[in-house]
């Protein structure tokens, strides 16, 4: 019943934004604007082009970083999952990357790679890649042995076992990793813009905060969350398109 | 299931209540100070004043925040009592009931350039390196543009005067605006001859000020008076003899624990600061408030005409007046 799902989604949005509006009216803090103020700030910034310019800036490290993380992450993850040797070689790197307190390590990245695009892309990759790699590797390793045996019994070649058995079997978890990794990438992009040099959306956040224009600040934060949610929905559509059996009905139903 | 839900709901209610009660009980007579940076040589005079206030019965504890905005938020939410910074925009735009009680330091910053430029007018259309958008050096750049009728080229932002000096030395920038101590360090070093300090108008506006919630000030008037009095006494003694800061620094306090090299430079730092007019021995007061109104309106942090703004909406002058008498 798609209508019911849509209705529930709208209802939860109304409850959330309603609570935000009420919290802004109380107000819980002088620095907390109402939902409507934030939305009008957002539309104002979209209309005068500020938001569009900001996203042109922010999307660069984000898209490059997420693309690298997704492609490289899945490739390395497959590799690690298929070979014990590469597991031994690479896994620790990604486990360390995932556990590292990135915000504290940013000065080190700046020291090595400067304040430009490279550092920001790296922050996105460090945030996004470990989850993608580790999830993919785990999924590949956990492909049911009986399925692979069946493939071998039908004399399938190694590449076709990977393409037709392992990847489809692993795809739900690979996509779960992608979803987590990409949301982490969004966090990384904003973190980089707040911590390295303020550009794009990070600049709107810091600048509005410094001139106490809190509606614009929350509008910028809201917009990035909105974008992340839209993107994750798109990812899920892609998943169901590529792997028909994966429909389980969450986020985008 | 219902039992479980009930339990969850009870816990959800109990936790914020417990937190609320426990924070309420912490509010004893200790005043909580929100610093906008970790203690460094620039805060030595402030800590000397705190020591003097403590001798007069003021109990305090401090927390260093990583930036001024967080200190402002902490004071706004009541988790901290007194904060560091210049929250003019927050006071005006979000109607936050904050008031400034003391001007800690003035916005003494200096345009430093390579030999390519010799006056501010030469910087028309040229790129410049500043601290952050909407920050102090950005406001200085705005006011320079305004007063001289020039317009800087592209502004890029590198937080921290010392980092901007590094950019100048590394040839990555030709013009920047830096603070007094970094300007002196640069100009006294061997590399100094490659750079010019451009002539600039006097600025009386505040860089750092002490502020608190109006309610809290009124409820704790006595503590605030003791504190402001201690600050005024240190600022005045320092104006006569900058070496008192080093001498009165508590060796067990946060400044006394800094590395010896920094402590050895305290005398030089405060001698320069006093000579450069970084600290107003009178704690700013009406003069600083007026200068701030003009400055921050010109810099775009305050809306409206400076002459129509009411000082009382931004400053609480009674403790300073009492201390000056």
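Residue numbers (the working numbering), protein chains in the order written: chain A, 1 to 253; chain B, 254 to 578.
Even for Gly, the Cβ is constructed at its ideal location relative to N, Cα and C.
Partners in chain A for residue i, counting only beta-carbon separations shorter than 8 Å
i	result
residue 434 of chain B	Under the 8 Å cutoff, chain A gives no residues; its nearest Cβ is about 22 Å from residue 434 of chain B.
residue 329 of chain B	29, 30 and 31
residue 322 of chain B	209 and 210
residue 471 of chain B	Chain A residues near residue 471 of chain B: none, gap ~18 Å exceeds 8 Å.
residue 543 of chain B	What residue 543 of chain B touches in chain A: nothing, since even the nearest Cβ is about 21 Å away.
residue 326 of chain B	29 and 31
Residue-chain proximity (residue i, chain A), Cβ-Cβ < 7 Å
i	result
residue 338 of chain B	no
residue 539 of chain B	no
residue 443 of chain B	no
residue 285 of chain B	no
residue 349 of chain B	yes
residue 561 of chain B	no
residue 425 of chain B	no
residue 342 of chain B	yes
residue 332 of chain B	no
residue 346 of chain B	yes
residue 510 of chain B	no
residue 276 of chain B	With a pLDDT of only 48 at residue 276 of chain B, under 50, the local geometry of the prediction cannot be trusted, and no value is derived from it.
residue 281 of chain B	A caution first: residue 281 of chain B carries a pLDDT of 49, below 50, which makes its placement in the model too unreliable to give a value.
Where the beta strand (DSSP E) through residue i begins and ends
i	result
residue 112 of chain A	Looking at the DSSP string, residue 112 of chain A is not in any beta strand (DSSP E); the run it does join, the alpha helix (DSSP H), is 102 to 113.
Under 7 Å from the C-beta of residue i: neighbouring residues of chain B
i	result
residue 334 of chain A	As shown, chain A starts at 1 and ends at 253. That puts residue 334 of chain A outside it, with no answer to give.
residue 223 of chain A	Simply none; closest approach about 18 Å.
residue 203 of chain A	386
Proximity test, Cβ basis, 7 Å: residue i and chain B
i	result
residue 166 of chain A	no
residue 15 of chain A	no
residue 211 of chain A	yes
residue 55 of chain A	no
residue 36 of chain A	no
First through last residue of the alpha helix (DSSP H) which encompasses residue i
i	result
residue 165 of chain A	Careful: residue 165 of chain A lies outside any alpha helix (DSSP H) and carries neither H nor E.
residue 98 of chain A	84 to 99
residue 200 of chain A	200 to 210
residue 47 of chain A	35 to 47
residue 130 of chain A	117 to 141
residue 495 of chain B	No alpha helix (DSSP H) contains residue 495 of chain B, which DSSP labels as neither H nor E.
residue 525 of chain B	519 to 528
residue 215 of chain A	214 to 242
residue 293 of chain B	It is not in any alpha helix (DSSP H) - residue 293 of chain B carries neither H nor E in the DSSP assignment.
residue 386 of chain B	First-last for residue 386 of chain B: undefined, no H or E at that position.
residue 145 of chain A	145 to 153
residue 549 of chain B	538 to 551
Under 9 Å from the C-beta of residue i: neighbouring residues of chain B
i	result
residue 216 of chain A	Per Cβ cutoff of 9 Å: no residues; residue 216 of chain A is ~11 Å from chain B at best.
Residues that residue i bridges to, as DSSP identifies them
i	result
residue 364 of chain B	B:430
residue 336 of chain B	B:287 and B:464
residue 381 of chain B	B:408
residue 346 of chain B	BP columns for residue 346 of chain B are empty, so no partner.
residue 353 of chain B	B:464 and B:568
residue 359 of chain B	B:459
Under 8 Å from the C-beta of residue i: neighbouring residues of chain B
i	result
residue 206 of chain A	385, 386 and 387
residue 48 of chain A	Those do not exist, as residue 48 of chain A stays about 16 Å from chain B at its closest Cβ, beyond 8 Å.
Within chain A, partners of residue i - CB distance below 9 Å
i	result
residue 394 of chain B	Chain A residues near residue 394 of chain B: none, gap ~14 Å exceeds 9 Å.
residue 554 of chain B	210, 211 and 212
Neighbouring residues, chain A, relative to residue i (Cβ below 7 Å)
i	result
residue 518 of chain B	Residues of chain A passing the Cβ test: none, with the nearest at roughly 24 Å.
Which parts of the stretch 423 to 485 of chain B are runs of the beta strand (DSSP E), unbroken and 3 residues or longer, counting only runs that do not cross its ends? 428 to 432, 448 to 450 and 459 to 466
Complete runs of the beta strand (DSSP E) confined to the stretch 299 to 325 of chain B [at least 3 residues]: 313 to 317
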